[in-house]
Each structure stands twice: as C-alpha cells, then as structure tokens.
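*Asks:* For reference, the structure I am asking about is given below.
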Amino acid sequence: YGVEAGTVEGRTGVWSGGAKVCALGVRVAGGVSLHGLALNVATDLGGFGAIVPCGIRDAGVTSLERLLGTAPAMAEVMDRFEAAFRAEAEARAEPRTGAGEATAEDDR
1 YGVEAGTVEG RTGVWSGGAK VCALGVRVAG GVSLHGLALN VATDLGGFGA IVPCGIRDAG
61 VTSLERLLGT APAMAEVMDR FEAAFRAEAE ARAEPRTGAG EATAEDDR
C-alpha cells in the first residue's frame, strides 16, 4: 500500500510514523507455544486510550485506514498479507534433515 513502516530497536511489532500498526507476540508456557499477530486495518482505535498497549507508554497505535486515509478491503489485505508472509517464510526457510524430520506423509 506504499506505507513507510518498519521495526523499532528494542520493540516488537511493525511501526509507522512512531505508532504501532502491527503487534506480534510469542510465548511458551507449560511446554506449549502461543503466538499471534494483529494488524490494525480499519480498527476503532478509541479503546486504546484506556489501556497501555503492549506496555508501551510513550507511543501510540495506528491503522492502515489512518495511514492511507481510507480503509482497504479486508479480503484484499488478507490476500496480500498471506502472499507476502509466504514469500518471506519461503525465502528464509532452511532445509531440515535428520531424525524427527516431518514429511509430507505426516500431513495425511
């Protein structure tokens, strides 16, 4: 969408103009991994004024709608996000070999 965004040293998520547009989280508890991602597309940001989002007091949150001036269609955002995520994951993937390696047969 042409939005200038990136990371901020020492903070998680994706930032644009000093505000977080995408939150990322990973946690391991009791041997179970939990993970999540929240991309603010056409989010009502009013509720964030009542909390400290992600424990960060000195920065706010934003949305694609606020950054672009109009909300892109959610279906389009999802398609574009999936394609970009898949391309990045495939580019960074390293082949695994050895004991315990999952195979295509495991998916059946």
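Residues 1 to 108, numbered by the working numbering, are exactly what the sequence shown covers, in order. All C-beta atoms, glycine included, are put in the ideal place defined by N, C-alpha and C. Since the model is a prediction, treat every value here as computed from it, not as a measurement.
Can you check DSSP and say which residues form a bridge with C22?
*Replies:* Along the sequence shown, read from residue 1 onward, the residue named residue 22 stands at position 22. According to DSSP, which records beta bridges pairwise, C22 is partnered with V14 and L39.
*Asks:* What does DSSP give as the partner residue(s) for R27 in the beta ladder?
*Replies:* As a first step, residue 27 must be located in the sequence shown, where it is residue number 27. Per DSSP, L34.
*Asks:* I'd like the list of long-range same chain contacts for V3, defined as Cβ closer than 8 Å, with 5 residues on each side in sequence excluded.
*Replies:* Within the sequence shown, numbered from 1, the residue matching residue 3 stands at position 3. Contacts found: S16, V21, L64, L67 and L68.
*Asks:* Within this structure, are the beta carbons of L37 and R27 separated by less than 8 Å?
*Replies:* Walking along the sequence shown from the start, residue 37 turns up at place 37. Walking along the sequence shown from the start, residue 27 turns up at place 27. The answer is no: Cβ separation not under 8 Å.
*Asks:* Determine the extent of the beta strand (DSSP E) in which V52 is found, giving its start and end residues.
*Replies:* Along the sequence shown, one-based indexing puts residue 52 at 52. Looking at the DSSP string, V52 is not in any beta strand (DSSP E), and its letter there is neither H nor E.
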